[in-house]
Amino acid sequence: MILVSYIALGAIVLLIAIFIYNLILYPQIRLNLMKQKHGDKIKTFFHIGEGIFKEYYTNLTQKKDSVAFIRGIHQKNIKALAYNLGTRICLNFVDPELVKQVHQNPEAFRKNDASLAITFLFGNSILFAKGKSWQRQRQFLGKSFHFEEIKNYLPLIKEICDKVFERVSEKLTQNDQLEINAVKICEQVTSEVVFRAFFGSTTQNLVITRQDGSQIPIADELIQAIMNSFQLLKKDKIALFKYLIFGRNSTKFLRTQGEQSILNRLIAIKESCLQVVQQRKNQLQNDPTQAKKNFLDQYLYDMITNKQSEVNNEEIIDNFLGLFFAGTDTTGNMTGVALYYLSRYPDIQKQAREEVIQILSQNSNKRNHSELFSQLTFENLQNMNLINSILKESLRLIPPAIEVFPRVAIHNMKIGEFQIKKGDLVSTYFIYNQSNPELYQDPEIFNPQRWMNVKDSQNNFNFTPFSLGPRNCIGQHLAMIEGKCMLACILLNFDILPNYQQEVVKELRVIYGFQKDNLIYFKQRKQNN
Ligand code: HEM
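Sequential numbering from 1082 applies to the sequence shown in our numbering.
Set out below in structure tokens:
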């Protein structure tokens, strides 16, 4: 009996020792060795378990910007930042040549499992697919995201802009001191664009019924569930511990109450989507020629008419949720950030409005702003050089994605002179180069002029808000069209004024942006000036 107790005790001590080794000693030793070997070419960070997240958190509380330390870290020689994340080591490259190497070799990595919601909702979408499955999905979706196809969404985007900003005008007639949530307002446009591009007019109001009986639009529930699943990892230590060790399989056993509650909500989201997909499939099965241009119909058409089709219901739903996640918050933030800067730089705002009016006035001699906007064409958007530069400068200063999703190395390899071990995490920090004073003079200043004579195709590895290489952002053209359209519509209808009452805090959550975005006011403009 005593022997059994000793063995049990020995086993527990051994497990604790292994845990401490993996969590503390192993990452610390590796980081120290890297520092010794690479000297000032690498900057290392170690905080037990939390790694770089501790830096984000400290910078947020002390400097009101989660990534302030990256903005201030630049030195000539730095090629990578290295840190621990749980029991793993992450190398985050900043040297443009090494950034290029990482992104030109996507097959050497798989994307790391993100939170419960992300994995459950779109773990099978293009965002997380790998190898042949990713190639097939990218080819399929690539057709619809082709520049020439994306042009066709302009009337839809204009219609949604009109609707959303008309609602703002109505609210302003009741309260002209209305604080405007710059990002949230833009997200009303971007979420509806993705929704309608995917489902067409198949479904108007996809709503989820919650356990308490209340109803919530799927778009809102999706965003909230993803946020809550990240918050769960902060609050629920058991969930965090399981996640750090078992990744996407962590919720399959010993489920905590928090995990179960989020899982129930995620299941409800997927079931609602499935109903829509099934209904439409039944309709198209009778007559596939009725398929429209939207994503759902294109998927179903392939499923019904192509005997070799590998598309299934799960892939369709995961891709709707994946595109919604990838395209809504990101594009909303880019445009919301631009509005914030325009409120703080009235001269640039004035020039931007003049550009819009001057270009749209060429279409007709109409001076009424809503008529001008109704005639906006794709060519007009392409000629809006200042508006384009304002969006690029906003993406440079506050990029919605400061890096790519961390990748897991699937075998040992070298990136430049840096040795990567199988299982290490690898990423690339866009924010480092985009705030580097050697590349951008006065990098903290909002100066769209710096882009005015730079062709979009000239952007190199120092400006990569949409990532780069074969797995770059498939939706970047759509995002820019939406952003330009929203800015044109807003500049025609409103003066954008700053709200100095609200402190500006830049926080890294699922994406990077303002903690509170009630940073501007709109003042209705007269129709003819
Ligand atoms: C300003 C807006 C946007 C920004 C800053 C942005 C940024 C990014 C970045 C950095 C990646 C690479 C992620 C990684 O490899 O880990 C990415 C990928 C992706 N984005 Fe975007 N994105 C934006 C808008 C959109 C839109 C509007 C859509 C579609 C509706 C979209 C769909 C996607 C998809 C599907 C991928 C995965 C591509 C693949 O793995 O092949 N994005 N985006």
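We put the beta carbon where it would ideally sit given N, CA and C, even for glycine.
Does the beta carbon of residue i fall short of 7 Å from some heavy atom of ligand 1?
i: residue 1216; result: no
i: residue 1346; result: no
i: residue 1105; result: no
i: residue 1370; result: no
i: residue 1448; result: no
i: residue 1567; result: no
i: residue 1473; result: no
i: residue 1212; result: no
i: residue 1192; result: yes
i: residue 1515; result: no
i: residue 1263; result: no
i: residue 1403; result: yes
i: residue 1086; result: no
i: residue 1478; result: no
i: residue 1298; result: no
i: residue 1427; result: no
Could you check which residue in the options has the C-alpha nearest to that of residue i?
i: residue 1424; options: 1135, 1343, 1604; result: 1604
i: residue 1142; options: 1508, 1409, 1599, 1585; result: 1585
i: residue 1556; options: 1588, 1229, 1291; result: 1229
i: residue 1496; options: 1474, 1187, 1144; result: 1187
i: residue 1124; options: 1103, 1102, 1158, 1217; result: 1158
i: residue 1428; options: 1118, 1211, 1577, 1098; result: 1577
i: residue 1303; options: 1528, 1198, 1084; result: 1198
i: residue 1596; options: 1139, 1105, 1145, 1082; result: 1145
i: residue 1482; options: 1318, 1270, 1363, 1544; result: 1544
i: residue 1549; options: 1178, 1129, 1168, 1118; result: 1178
i: residue 1222; options: 1510, 1105, 1234, 1207; result: 1207
i: residue 1510; options: 1526, 1475, 1547, 1432; result: 1547
i: residue 1248; options: 1607, 1574, 1526; result: 1574
i: residue 1581; options: 1168, 1200, 1422; result: 1422
i: residue 1513; options: 1150, 1111, 1114, 1505; result: 1150
By the three-class DSSP mapping on this structure, what secondary structure does residue i have?
i: residue 1546; result: coil
i: residue 1376; result: helix
i: residue 1522; result: coil
i: residue 1508; result: strand
i: residue 1594; result: strand
i: residue 1082; result: coil
i: residue 1125; result: strand
i: residue 1517; result: coil
i: residue 1566; result: helix
i: residue 1222; result: helix
i: residue 1298; result: strand
i: residue 1355; result: helix
i: residue 1266; result: helix
i: residue 1098; result: helix
i: residue 1434; result: helix
i: residue 1345; result: helix
i: residue 1480; result: coil
i: residue 1500; result: strand
i: residue 1171; result: strand
i: residue 1240; result: helix
i: residue 1216; result: helix
i: residue 1335; result: coil
Count the other CB atoms, across all protein chains shown, that sit within 10 Å of the CB of residue i; report buried if there are 16 or more and exposed otherwise.
i: residue 1236; result: exposed
i: residue 1515; result: buried
i: residue 1535; result: exposed
i: residue 1278; result: buried
i: residue 1182; result: buried
i: residue 1458; result: exposed
i: residue 1323; result: buried
i: residue 1268; result: buried
i: residue 1266; result: buried
i: residue 1096; result: exposed
i: residue 1213; result: exposed
i: residue 1331; result: buried
i: residue 1448; result: exposed
i: residue 1082; result: exposed
i: residue 1224; result: exposed
Does any heavy atom of ligand 3 sit closer than 7 Å to the C-beta of residue i?
i: residue 1554; result: For ligand 3, the structure offers nothing, since it holds only ligand 1.
Kindly say whether residue i, judged by its beta-carbon, lies nearer than 8 Å to any beta-carbon of chain B.
i: residue 1452; result: Reference to chain B is not applicable here, since this structure consists of a single protein chain.
Inset, instruction - Decide yes or no for the touch test of the segment 1423 to 1438 against the segment 1461 to 1478: beta carbon pairs closer than 8 Å, at least 3 of them. - result: yes
Inset, instruction - Say whether the segment 1171 to 1184 touches the segment 1156 to 1163, bearing in mind that this needs 3 or more beta-carbon pairs closer than 8 Å, one atom from each stretch. - result: yes
Inset, instruction - State whether the segment 1303 to 1316 contacts the segment 1337 to 1344, with contact taken as three or more CB pairs (one from each stretch) at a distance under 8 Å. - result: yes
Inset, instruction - Take every Cβ of the segment 1556 to 1569, pair it with every Cβ of the segment 1401 to 1416, and state whether three or more of those distances are shorter than 8 Å. - result: yes
Inset, instruction - Specify whether the segment 1112 to 1129 and the segment 1568 to 1576 touch according to this definition: at least 3 beta carbon pairs, one from each stretch, less than 8 Å apart. - result: no
Inset, instruction - Specify whether the segment 1346 to 1365 and the segment 1373 to 1389 touch according to this definition: at least 3 beta carbon pairs, one from each stretch, less than 8 Å apart. - result: yes
Legend entry - the segment 1345 to 1354 in contact with the segment 1292 to 1301 per 3-pair CB rule at 8 Å: yes
Legend entry - At least three beta-carbon pairs within less than 8 Å, the segment 1251 to 1260 to the segment 1204 to 1220: Flag = no, the segment 1251 to 1260 and the segment 1204 to 1220 do not touch.
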